[in-house]
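Chains as they are written, first to last, in our numbering: chain A, 11 to 267; chain B, 2 to 337.
Okay, so here's the structure we're looking at.
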Amino acid sequence: MVGGAEGNALLVRDVSKSFRAADGTEVEVLENLSLEVAEGELVSLIGPSGCGKTTLLRLVSGLAHADSGTMFLGHAPILGPGAERGLVFQDPSLFPWLTVRRNIEAGLVARGVLREKRREVDEFLDLMGLNAFADVYPHQLSGGMAQRAALARALINHPKILLLDEPLGALDQFTRMRMQDEVLRLWQVRGTTTLLVTHDIDEAIYMSDRIVILTPRPGKIDKVLEVALPRPRMRASPEFLAMRARILEMLHFADGA
Amino acid sequence: MATSSPSRVETEAAKEFEIAGLIAATALVLLCHLFLPNRQRLPMTWMDPLPTWKRPFPLILEGVLVAGSLLAIARFVLGWRPGWLRHYLPLFTAAVVTVGVWDGVTQKLNWMRLPYFPGPDLVFGAMVEDAALLVESAWRSLVLLLSGYSVGVILGMTSGVLIGWFPHVRYWGMPIVKIVGPLPATALIPLAMVLSDNSFISAASLIAFATWFPVTMLTASGIANVRHAHLDVARTLGAGPAYLIWHVAIPSALPNMFIGLFMGLAASFLTLSVAEGVGVQAGLGYYLRWRQGAGMEYANVYAALLLMSAFFSSLMTALFLVRDRVLAWQKGVIRW
Numbered sequence: 011m012v013g014g015a016e017g018n019a020l021l022v023r024d025v026s027k028s029f030r031a032a033d034g035t036e037v038e039v040l041e042n043l044s045l046e047v048a049e050g051e052l053v054s055l056i057g058p059s060g061c062g063k064t065t066l067l068r069l070v071s072g073l074a075h076a077d078s079g080t081m082f083l084g085h086a087p088i089l090g091p092g093a094e095r096g097l098v099f100q101d102p103s104l105f106p107w108l109t110v111r112r113n114i115e116a117g118l119v120a121r122g123v124l125r126e127k128r129r130e131v132d133e134f135l136d137l138m139g140l141n142a143f144a145d146v147y148p149h150q151l152s153g154g155m156a157q158r159a160a161l162a163r164a165l166i167n168h169p170k171i172l173l174l175d176e177p178l179g180a181l182d183q184f185t186r187m188r189m190q191d192e193v194l195r196l197w198q199v200r201g202t203t204t205l206l207v208t209h210d211i212d213e214a215i216y217m218s219d220r221i222v223i224l225t226p227r228p229g230k231i232d233k234v235l236e237v238a239l240p241r242p243r244m245r246a247s248p249e250f251l252a253m254r255a256r257i258l259e260m261l262h263f264a265d266g267a
Numbered sequence: 002m003a004t005s006s007p008s009r010v011e012t013e014a015a016k017e018f019e020i021a022g023l024i025a026a027t028a029l030v031l032l033c034h035l036f037l038p039n040r041q042r043l044p045m046t047w048m049d050p051l052p053t054w055k056r057p058f059p060l061i062l063e064g065v066l067v068a069g070s071l072l073a074i075a076r077f078v079l080g081w082r083p084g085w086l087r088h089y090l091p092l093f094t095a096a097v098v099t100v101g102v103w104d105g106v107t108q109k110l111n112w113m114r115l116p117y118f119p120g121p122d123l124v125f126g127a128m129v130e131d132a133a134l135l136v137e138s139a140w141r142s143l144v145l146l147l148s149g150y151s152v153g154v155i156l157g158m159t160s161g162v163l164i165g166w167f168p169h170v171r172y173w174g175m176p177i178v179k180i181v182g183p184l185p186a187t188a189l190i191p192l193a194m195v196l197s198d199n200s201f202i203s204a205a206s207l208i209a210f211a212t213w214f215p216v217t218m219l220t221a222s223g224i225a226n227v228r229h230a231h232l233d234v235a236r237t238l239g240a241g242p243a244y245l246i247w248h249v250a251i252p253s254a255l256p257n258m259f260i261g262l263f264m265g266l267a268a269s270f271l272t273l274s275v276a277e278g279v280g281v282q283a284g285l286g287y288y289l290r291w292r293q294g295a296g297m298e299y300a301n302v303y304a305a306l307l308l309m310s311a312f313f314s315s316l317m318t319a320l321f322l323v324r325d326r327v328l329a330w331q332k333g334v335i336r337w
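This is the structure in structure tokens:
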């Protein structure tokens, strides 16, 4: 099957990536990794740090190029960055010289469609509860608000897939749980295919349809778990905790040693 | 209500003292000037027919006295005391006292002698006498300075952006900037005079050159140090090269670029005043050298210096205002 994936599904096949370390040696970060994310699916990537989660996300976003292998979004091969693949980092990376409104508009300006789509900016300000902060500069925002603005900035382009690189990792526990619900709400309303990199096992279970566990470097797929729990999920339910225990075991943290 | 900031802990008495202080200080300076004998033997000037109190320096003091009294009335009768007044009153009082000391050590006590150290009476007299010429000179200086500075800024920003953004331009351009840039513009005066018969054009080119170097260096470093995350985000939002340069690289380099603009402005002042003394037969720098060289007229020299300082610091202030406007988004991020 050369023609890629169906609909807005993501297909990653046999992708390898290595970097040259400071001492000149080649470090293989990803080795023949294959992964499929179905249209509308929310898949989490977890694994030890340095396993190449972020690298995989950068490859899918087009900001980095794979040494070998192919990637498709729907039928289109991924060759470089593009507005149909939205990316949100752990650091909101809002443009500090633009107000929240102008930050959210950035994608429209970059694509030259601001005039036609200006009305959507207000919809997204509304959707993310940012109305009161529209004309405020990023440094005046709390971490949670800044990340909402970053999400809105990515979503305004109506991406076919949303790539989230530990987007809630820098938030405090309470804000993080609230934002998880927020992201889930957006995902359920819009049905955007989502690939979420996280180092938080609870977050992965709470949010995803499937959890992909990567091996330590070089990153390969270790295990894939279906999260069959009904939504909305109960963070303290026995099923939730059982799943958590299973994942800890897979990651070799369950021994208590 | 008590506040934490000590500068705000001002009693009513202290504020009253300040307005009264200005009036008292001015009155003292004026009385000393009018009634103490002159130890300096004053040269003949256009002011000789005037009674002492009608000469420019005492007139200024009398004006300050009247203004101070009006402010005191407004303060005590109407309760009007705006913040800027409270802020500047002590500084203004200090300025009056300084001028009084200047009068004392020159004209009155002759501790500092003529012709090199005229008192405020002679300097303000010279300023009034040459007012038309000084205004004309300041205008010529302004035109020359802004011509050279704006060309230097445009060239510097352009070369800075190109060097900062394109690795190839950086490879070939940076050595040129590093070799040519550090040359003091004033050292190039002989070369500039060869380049054009028109002294205005050669001087403007020198000022442009002096401005170009710091603007280029700081623009280039600002552009080269754009946060990668910002560029990455913009790319995933669908940005092309034009958006990346104009909407990401340049805005994030602006704080750096303004440092270059300030350094360039300082360099342009230096180059202007030297160039005006050498080739250009106009402007404040030319006036300064002419008055000093032709007749040792130091009163006119100081008059021109006072005007030059007001002129340059107004331009600096204007640039500060532009920066505060353009970089309003930095308020709270960086303390100026």
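No residue lacks a Cβ here, since even glycine has one placed at the ideal position from N, Cα and C.
Exposure of residue i, with buried meaning 16 or more beta-carbon neighbours within 10 Å
i	result
C33/B	exposed
M317/B	exposed
N301/B	buried
I180/B	exposed
E133/A	exposed
F263/A	exposed
V102/B	exposed
R245/A	exposed
W107/A	buried
D175/A	buried
I251/B	buried
E236/A	exposed
D198/B	exposed
G296/B	exposed
P116/B	exposed
K55/B	exposed
Neighbour flag for residue i against chain A, beta carbons, 7 Å
i	result
G161/B	no
W330/B	yes
G64/B	no
P242/B	no
P256/B	no
G126/B	no
P183/B	no
G239/B	yes
A44/B	Looking at the sequence provided, one finds Pro at residue 44/B rather than Ala. Not an interface residue.
P252/B	yes
Cβ of residue i within 7 Å of any chain B Cβ
i	result
L137/A	no
W107/A	yes
L97/A	yes
R200/A	no
G117/A	yes
S103/A	yes
R125/A	no
A32/A	no
R121/A	yes
P91/A	yes
V25/A	no
M11/A	Residue confidence is low: M11/A scores 45 on pLDDT, short of 50, so the model does not pin down where it sits. Its coordinate-derived value is still stated next. No, M11/A does not count as interfacial toward chain B.
Close-in-space but distant-in-sequence residues of the same chain around residue i (CB under 8 Å, 5 per side omitted)
i	result
G14/A	L21, F82, L83, G84, H85, A86 and P87
M2/B	At M2/B the pLDDT is 35, less than 50, meaning the model places this residue with poor confidence; the figure from the coordinates comes in the next sentence. Nothing meets the Cβ criterion.
L124/A	E115 and L118
For residue i: DSSP bridge partner residues
i	result
R23/A	T80/A
E36/A	R30/A
K109/B	According to DSSP, K109/B bridges with nothing at all.
L32/B	Note: L32/B sits in no beta bridge, so no partner.
R220/A	V53/A and E236/A
P87/A	F82/A
V98/A	L174/A
T203/A	I171/A
E46/A	L21/A
G229/A	L40/A
Proximal chain D residues relative to residue i, where beta-carbon distance stays under 7 Å
i	result
Y216/A	Protein chains in the displayed structure are A and B, and chain D is not among them.
Beta-carbon contacts of residue i that lie in its chain and below 6 Å, excluding the five residues immediately before and after
i	result
L192/B	none
L206/A	S54 and L174
Cutoff 7 Å; reference residue i; Cβ partners in own chain excluding five residues on either side
i	result
D219/A	E51, L52, V53 and V237
Quiz prompt | Under 7 Å (Cβ pairs) to chain A, residues found in the region 209 to 237 of chain B | solution = A230, H231, D233, V234, A235, R236 and T237
Quiz item: What residues in the region 60 to 80 of chain A bring their beta carbon closer than 7 Å to a beta carbon of chain B?
Solution: S71 and L73
Self-check item: Residues from the region 155 to 183 of chain A in contact with chain B, defined by Cβ distance under 9 Å
Solution: A160, R163, A164, I166, N167, P169 and L173
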